[in-house]
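Visitor: 1 is the number of the first residue of the sequence shown in UniProt numbering; add one for each residue after it.
The structure under discussion is supplied below as structure tokens; questions concerning it will follow.
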Amino acid sequence: MRISLHQNFKKRYKKLRKEERGRCDRRMELFMQNPFHPLLNNHALSGQYLGYRSINIGGDLRAIYEPISSDTAFFITLGTHPELYSS
């Protein structure tokens with residue numbers, strides 16, 4: 001699986017604490033090897049993120065991506081559950 005990162009994802013990644021960045025790196029590696037590994041809890045989203053999917057990074061941290069093709073994902077944002085899903 002290939003991934004590309006939106007500028008918003010990169011900006012939010014830089015704001016993570018060091019241990020969160022490490023966890024994110026490990027989960028992204030796991031995603032590239034197996035996007036549907038059980039640890040990722042990869043699932044489809046609804047509402048404002050209809051057509052996107054989410055993976056668990058760890059704790060309350062989530063990464064949202066758009067599946068571009070069967071082997072490419074475009075990660076658009078990263079944040080805690082309340083940051084991403086509260087309206």
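Don't be surprised by glycine CBs; every beta carbon is placed ideally from N, CA and C.
None of these values were measured; they are calculated from a predicted model.
1. Does the distance from the CB of Ala73 to the CB of Pro35 come in under 9 Å?
2. What does the alpha-carbon distance come out to for the pair Gly59 and Asn42?
3. Pull up the CB-CB distance for Phe31 and Leu45, whole angstroms please, since I reckon it's below 8 Å.
4. How many Å lie between Arg53 and Arg27 at the Cα?
5. Would you mind giving the Cβ-Cβ distance between Arg61 and Glu29, rounded to the nearest angstrom? I have them listed as a contact below 8 Å.
6. Buried or exposed: which applies to Leu50, given that a residue is buried once 16 or more other Cβ atoms fall within 10 Å of its Cβ?
7. Determine which residues share a DSSP beta bridge with Ile68 and list them.
Guide: To lay it out plainly:
1. yes
2. 15 Å
3. The pair is not a contact, with the Cβ atoms about 16 Å apart (cut-off 8 Å).
4. 15 Å
5. First, the amino acid is wrong: residue 61 is Leu here, not Arg. The pair is not a contact, with the Cβ atoms about 16 Å apart (cut-off 8 Å).
6. exposed
7. Ile68 pairs with nothing; no bridge assigned.
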